[in-house]
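One structure is given below, encoded as structure tokens.
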Amino acid sequence: MHRLPGNLQTNRRLSQWLAIHPEGRVTITPGKVELGQGILTTLSQIAAEELEVDLARIEARPAATPDSPDEGVTSGSLSTQDSGGALRHACAAARAIFLGVVAQRVGVPVEAISVEDGIFHGPAGPIGSYWSLADQALLECEAPAEARPRAPGERRIVGRSIPRIDLPDKVFGAARYVHDLRLPGMLHARVVRPPARGARLVALRDGPLPGEARVVRDGSFLAVLAATEWEVEAAAARLAARTEWEASDTLPEQALLADWLREAATRGERSSVASRAEPAPPAAQTLRRSFHRPYLAHASIAPSCAVARWEGERVEVFTHSQGPYNLRADLAKTLRCDPTLITVRHREGAGCYGHNGADDVALDAVLAARAVPGTPVRLLWSRAEELGWSPFSPAMLVDVEADLDAAGTLIGWRSHIVSNGHSSRPGRDAVPTLLAASMLATPFPVKPSINPAMAAGGGAPRNAVPLYRIPAMSVETTRLLEMPLRTSALRGLGATLNVWSIESVMDEAAALAGADPLDYRLRHLEDPRAVAVLRRAADLAGWAGRARREGWGRGIGFARYKNTGAWAAVIAEVEALDRVLCRRLWIAGDVGEAVNPDGVLNQLEGGAIHGASVALLEKVRFDRRTVASDHWEGYPILRFSEVPKVELALIDRPEEAFLGAGEASMAPAIAAIAGGITEALGIRPRQLPFTPENLARA
Numbered sequence: 013m014h015r016l017p018g019n020l021q022t023n024r025r026l027s028q029w030l031a032i033h034p035e036g037r038v039t040i041t042p043g044k045v046e047l048g049q050g051i052l053t054t055l056s057q058i059a060a061e062e063l064e065v066d067l068a069r070i071e072a073r074p075a076a077t078p079d080s081p082d083e084g085v086t087s088g089s090l091s092t093q094d095s096g097g098a099l100r101h102a103c104a105a106a107r108a109i110f111l112g113v114v115a116q117r118v119g120v121p122v123e124a125i126s127v128e129d130g131i132f133h134g135p136a137g138p139i140g141s142y143w144s145l146a147d148q149a150l151l152e153c154e155a156p157a158e159a160r161p162r163a164p165g166e167r168r169i170v171g172r173s174i175p176r177i178d179l180p181d182k183v184f185g186a187a188r189y190v191h192d193l194r195l196p197g198m199l200h201a202r203v204v205r206p207p208a209r210g211a212r213l214v215a216l217r218d219g220p221l222p223g224e225a226r227v228v229r230d231g232s233f234l235a236v237l238a239a240t241e242w243e244v245e246a247a248a249a250r251l252a253a254r255t256e257w258e259a260s261d262t263l264p265e266q267a268l269l270a271d272w273l274r275e276a277a278t279r280g281e282r283s284s285v286a287s288r289a290e291p292a293p294p295a296a297q298t299l300r301r302s303f304h305r306p307y308l309a310h311a312s313i314a315p316s317c318a319v320a321r322w323e324g325e326r327v328e329v330f331t332h333s334q335g336p337y338n339l340r341a342d343l344a345k346t347l348r349c350d351p352t353l354i355t356v357r358h359r360e361g362a363g364c365y366g367h368n369g370a371d372d373v374a375l376d377a378v379l380a381a382r383a384v385p386g387t388p389v390r391l392l393w394s395r396a397e398e399l400g401w402s403p404f405s406p407a408m409l410v411d412v413e414a415d416l417d418a419a420g421t422l423i424g425w426r427s428h429i430v431s432n433g434h435s436s437r438p439g440r441d442a443v444p445t446l447l448a449a450s451m452l453a454t455p456f457p458v459k460p461s462i463n464p465a466m467a468a469g470g471g472a473p474r475n476a477v478p479l480y481r482i483p484a485m486s487v488e489t490t491r492l493l494e495m496p497l498r499t500s501a502l503r504g505l506g507a508t509l510n511v512w513s514i515e516s517v518m519d520e521a522a523a524l525a526g527a528d529p530l531d532y533r534l535r536h537l538e539d540p541r542a543v544a545v546l547r548r549a550a551d552l553a554g555w556a557g558r559a560r561r562e563g564w565g566r567g568i569g570f571a572r573y574k575n576t577g578a579w580a581a582v583i584a585e586v587e588a589l590d591r592v593l594c595r596r597l598w599i600a601g602d603v604g605e606a607v608n609p610d611g612v613l614n615q616l617e618g619g620a621i622h623g624a625s626v627a628l629l630e631k632v633r634f635d636r637r638t639v640a641s642d643h644w645e646g647y648p649i650l651r652f653s654e655v656p657k658v659e660l661a662l663i664d665r666p667e668e669a670f671l672g673a674g675e676a677s678m679a680p681a682i683a684a685i686a687g688g689i690t691e692a693l694g695i696r697p698r699q700l701p702f703t704p705e706n707l708a709r710a
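To convert, count from 1 in the sequence shown and add 12; that's our numbering.
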């Protein structure tokens with residue numbers, strides 16, 4: 013079977029991807045979802061370009077099972093690469109099919125036909141259109157192997173900064189989000205959470221509830237339904253006061269978290285990530301350094317929400333899940349039913365890069381709605397649930413040893429990463445990974461999170477293999493098999509620690525060699541695109557002519573995301589006051605062909621600002637039983653008043669393949685801020701976040 017681009021390989025029928033309508037419209041139905049990253053705008057541009065129609069004719073429909081192609085999860089900065097590549101080929105094939113039919117009917121060579129906004133023109137004028145052939149079922153076929161997308165020089169829509177199609181509704185407050193969905197007769201629901209991880213509900217006292225509120229219980233899963241949000245909130249609070257839970261200490265001491273990671277690693281699953289041994293001179297000195305980061309939360313601005321409705325044996329779910337088909341698979345496992353009985357429809361929610369509570373709240377809504385067949389139920393998490401019960405990005409340790417020769421050149425690298433796995437996304441295991449599945453009367457086990465394969469970018473060891481020229485290298489990781497807090501994917505996965513540790517060692521090695529940090533990096537790089545982004549960021553920031561100021565510092569961070577994705581270089585300027593503030597960021601990125609340059613720049617900027625928040629503020633706090641940072645005061649994120657000024661440069665390469673931008677700049681920003689702290693304070697940070705307390709320990 014011939015190989016097709018991206019996700020077209022596993023969703024081969026053209027009609028899965030697009031439909032052409034007689035009234036002059038084109039519908040595209042990608043399986044990737046809008047998370048606030050602008051992907052539906054990008055895919056619409058690609059479709060309009062290849063079909064040669066006006067962008068206004070394109071309607072991008074939200075993903076839904078079973079109508080959309082199964083494109084897995086919208087993650088890993090792969091949407092433009094995998095979905096865009098598939099849609100480009102599918103639309104180019106569709107154009108060729110329609111042109112072939114018209115050419116045969118009118119006796120004009122295909123080469124003599126041009127397309128102008130969907131109208132086909134021959135040498136003597138119009139000879140047909142997509143719309144006149146829309147009822148011919150021409151797309152009910154498998155995508156052909158050969159399809160000629162328009163050449164870079166022919167493109168008129170791709171490569172332009174088109175305004176995003178999703179923003180007007182958001183700016184003007186239209187009911188676009190799943191939170192806004194209101195169905196006739198809808199009830200509201202809330203979950204009553206236990207006071208500790210792994211707690212078991214042992215007693216529930218009877219008593220009156222506001223209005224006609226109704227209790228739903230299955231084992232330790234406890235929820236309440238009511239006609240209004242006010243009633244359901246009051247009912248949930250009253251119900252919580254009547255519960256009795258059996259609980260115990262299950263979490264490590266937070267102050268000893270790094271020690272716990274090392275101790276748990278002795279029972280973990282150790283494996284090699286990369287190894288090579290080329291001839292090199294003897295080491296003149298060896299740097300030995302350790303780096304640590306805490307658990308991190310997604311901290312979406314709005315809590316997770318879902319709406320569910322049962323009709324007989326079937327259930328329909330409206331969700332902001334990143335993987336509709338994956339969610340459907342785990343819902344089916346939990347309910348022990350055929351997946352075809354479940355319909356999952358995507359509706360936008362709060363922006364999130366990673367596995368937050370969206371999938372969990374969908375199961376909560378399904379379980380609550382099962383008690384009232386035929387009635388839609390809207391279940392909204394609280395802020396405390398979102399910050400306290402969503403999957404977290406795991407705490408991590410990495411130990412690094414770097415060998416330098418007499419000239420200060422890097423000649424050897426050894427690192428060992430300790431972490432829980434970075435994925436417990438639904439749909440990937442024989443048992444469901446959804447939160448409530450472990451709380452039912454017949455519970456499912458909570459299995460340790462896994463790491464994606466390195467071919468898919470890896471998890472804990474993502475970006476752990478330096479791109480710098482190093483003759484001898486050994487990179488290993490230990491996946492912890494004990495998981496006190498449920499962990500899963502968050503933007504960058506292990507890259508946030510690994511890039512920072514690599515770049516910190518590079519800075520220290522440069523200082524020992526008496527070299528400028530930029531020059532030292534360039535000395536160890538062979539990839540011309542890596543060199544280009546570093547030089548571009550340096551030019552943007554005026555690195556060569558920078559003046560030193562007391563209490564201020566600049567640092568550099570660089571990476572190619574997953575070592576296979578987009579290149580990004582970041583220079584950060586920090587000011588050290590009573591705490592460190594990031595004042596400016598200069599970012600250069602290379603994502604290959606940029607479909608929507610403004611969208612790419614937005615992604616690079618957003619990723620770097622997210623990195624600044626993680627670097628300076630973010631840390632999940634917990635006691636021996638539960639998460640304590642379940643409110644904004646306990647889990648602060650960067651405020652608007654603290655956002656740095658950002659300048660960006662994009663190295664556009666229209667002849668190169670698409671690469672995603674959403675995660676490329678986050679880890680380099682963390683590394684650059686760390687370098688800036690060193691220049692400002694003479695301290696090399698070893699622990700995230702870079703708070704006064706952690707810097708004092710350094």
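All residues carry an ideal CB built from backbone N, CA and C; glycine is no exception.
Computed from a prediction, not measured in an experiment: that's the story for all the values here.
Proximal residues to residue i (C-beta, below 6 angstroms), its chain only, five neighbours per side dropped
i, result
"tryptophan 598", "Ala549, Leu552, Ala553, Ile583, Glu659"
"leucine 150", "Ile109"
"arginine 498", "Pro403"
"leucine 353", "Glu325, Arg326"
Other residues of its chain near residue i: CB distance less than 8 angstroms, five sequence neighbours each side excluded
i, result
"valine 477", "Val285, Ala286, Met485, Val487, Asn575"
"leucine 537", "Leu479, Tyr480, Arg481, Val543, Leu546"
"alanine 418", "Pro293, Ala296"
"glutamate 323", "Pro385, Gly386"
"valine 113", "Leu145, Gln148, Leu150"
"proline 207", "Trp257, Ala259, Arg637, Thr638"
"serine 450", "Phe456, Pro457, Val458"
"alanine 692", "Gly563, Trp564, Gly565, Val586, Glu587, Ala588, Val592"
Close beta carbons around residue i, own chain, < 7 angstroms, minus the five adjacent residues each side
i, result
"glutamate 243", "Pro222, Gly223, Ala225"
"glycine 97", "Pro17, Gly18, Phe670"
"alanine 104", "Glu62, Ala159, Arg160, Pro161"
"lysine 345", "Val443, Pro444"
"valine 373", "Ser316, Cys317, Ala318, Leu391, Trp393"
Residues bridged to residue i [DSSP beta-bridge criterion]
i, result
"proline 138", "His133"
"histidine 191", "Bridge partners of histidine 191: none, in fact."
"serine 283", "Thr489"
"glutamine 266", "Answer is none; glutamine 266 lacks a bridge partner."
"isoleucine 583", "Ile568, Trp598"
"methionine 408", "Arg305, Ser431"
"glutamate 128", "Ile131"
"glycine 366", "Leu502"
"lysine 182", "According to DSSP, lysine 182 bridges with nothing at all."
"tryptophan 425", "Ala414, Met485"
"histidine 14", "Paired residues: none, contrary to the question."
"glutamine 297", "Leu416"
Reference residue i, options the options, closest by Cα
i, options, result
"glutamate 494", "Pro406, Glu64, Ala341", "Pro406"
"leucine 375", "Cys364, Leu343, Leu392, Glu360", "Leu343"
"leucine 145", "Ala527, Pro483, Gly36, Thr690", "Gly36"
"threonine 86", "Pro529, Asp531, Gly366", "Gly366"
"phenylalanine 456", "Asn463, Ile462, Ala448", "Ala448"
"glutamate 654", "Arg636, Ser625, Met678, Asp635", "Ser625"
"leucine 237", "His200, Arg229, Leu263, Asp261", "His200"
"alanine 522", "Glu123, Leu422, Leu353", "Leu422"
"glycine 231", "Ala247, Gly618, Val214, Pro220", "Val214"
"glycine 737", "Thr22, Glu64, Arg73", "Here the chain has residues from 13 to 710 only, and residue 737 is not among them."
"serine 95", "Thr53, Val127, Arg229", "Thr53"
Nearest-angstrom beta carbon gap, residue j and residue i [assumed within contact, 8 angstroms]
i, j, result
"valine 511", "alanine 581", "11 angstroms between Cβ atoms; not a contact."
"alanine 377", "leucine 391", "4 angstroms"
"leucine 20", "alanine 155", "6 angstroms"
"isoleucine 682", "glycine 569", "7 angstroms"
Buried or exposed by the 16-neighbour rule on C-beta atoms within 10 Å, applied to residue i
i, result
"arginine 288", "exposed"
"proline 264", "buried"
"lysine 182", "exposed"
"glycine 688", "buried"
"aspartate 371", "buried"
"serine 260", "exposed"
"isoleucine 313", "exposed"
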